[in-house]
Amino acid sequence: MEYTPIRISTVMPKTAITFALYIYFKDQFIKYLDMGKSLDEELLSKLKKQKIARFYIRDIEELNYQKYLDDVLGKTMDDPQVNMVDKINFAEGSATTAVEDMQKDPTSKQSYNTSKRAAKTLRRLISENPDSLKNFYGRAGNENDMLIKHCLNVSALAVGLAKVNAISEEDQDTLALAGLLHDVGISQLKESEQALFTKEYKQMSAEEKVIYHQHPTLGSDVIKKNELVTPDIIELVLCHEEKISGNGYPNKKSKLTLAQEILSLCNSYDKRVTIFKVSAKDALKAVQMDELGNYNLELINKFKKQLKEDGIVV
Ligand SMILES: [Fe+2]
Ligand SMILES: [Fe+2]
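With the first letter of the sequence shown counted as 1, position 135 gets the number 254 in our numbering; the numbers rise by one all the way through.
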């Protein structure tokens, strides 16, 4: 039998599962919970204490798991009884799985569908729950994997900024998805070159910049191979490092759509916070000074207002 790992946070407590859950213990897979049963909160917190982050499911039940996620997405996000922490955990777990899957297998239709579902979950979390952005932004992702954390944060911030710009829900979903996928090109670089992601741009040599500048094109080229990926997603990924001053890359574009500009701005802000550990307040100051002319002033001002209103910058 073959098994696939799934994140514990994607299994909702008190919801019957449509597949059996296994854990990996002493070199073997042991059945943990039967199909039709549900996890209780006590059991879940015990697992968290033991630092168990994954369950396993049998490969042949993968489709059941995908259907379960679709179902849970609707129920979890619609249910006023589900508290914010559970909603955030679910959104974070789904989005982390999506980014990991796309890094491993960026042309897979299944990874893409997982990402679409995760993006919708994240969009609903941020746009329907006041305070969720602040709570999500402060904790999203695994500390050991800054790239994933960055993608989740960019996605959440972009949804927030799209909302205040009165962008439709459908386009917010697109932006949320592009946020999750935008740096997929980093994992397309050679392993030795991937460390450039955590190097300050100003510190890069001219040769390193040439290499690093390839990542938006590598990302859009690889997702393009999947026929399910729409042109607006491909363009958003390609343009996420472009600035309206023409100082971005890879194509030095000076005309961006509002969605592309939002994604680029959120990317630029979050890279400072998540990767270079600049405080939220200082990152905002840096954006206001260093990115002047790179984005519309009105958009920067809206971003600033949003970060303050949401309590991210105090
Ligand atoms: Fe990037
Ligand atoms: Fe990025």
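Where a beta carbon is used, it is the ideal one built from N, C-alpha and C, also for glycine.
At least one heavy atom of ligand 2 lies closer than 7 Å to the C-beta of ASN386. For ligand 1, no non-hydrogen atom lies closer than 7 Å to the CB of ASP340. By the C-beta density criterion, PHE144 is exposed, having fewer than 16 other C-beta atoms within 10 angstroms. Relative to ligand 1, the beta carbon of ASP389 is positioned no closer than 7 Å to any heavy atom.
In this structure the stretch 202 to 214 touches the stretch 243 to 258; the number of beta carbon pairs closer than 8 Å is three or more. Straight across, the Cα-Cα distance linking GLU410 with GLY365 is about 12 Å. Rounded to the nearest whole angstrom, the CA to CA distance from VAL356 to GLY367 is 13 Å. DSSP lists LEU140 as the bridge partner or partners of LEU152. Counting C-beta pairs closer than 8 Å gives three or more between the stretch 150 to 166 and the stretch 121 to 141, which meets the contact rule.
Annotated three-state conformation of PHE209 is helix, per DSSP. With 16 or more other Cβ atoms from the protein chains shown falling within 10 Å of its own Cβ, LYS239 counts as buried. Counting only residues of its own chain and dropping the five nearest sequence neighbours on each side, ASP429 has a CB closer than 6 Å to the CB of LEU252, LYS253. For TYR231, there is no enclosing beta strand (DSSP E); the enclosing alpha helix (DSSP H) covers residues 228 to 247.
With a cut-off of 8 Å on Cβ pairs, the stretch 381 to 389 is in contact with the stretch 260 to 280, counting three or more such pairs.
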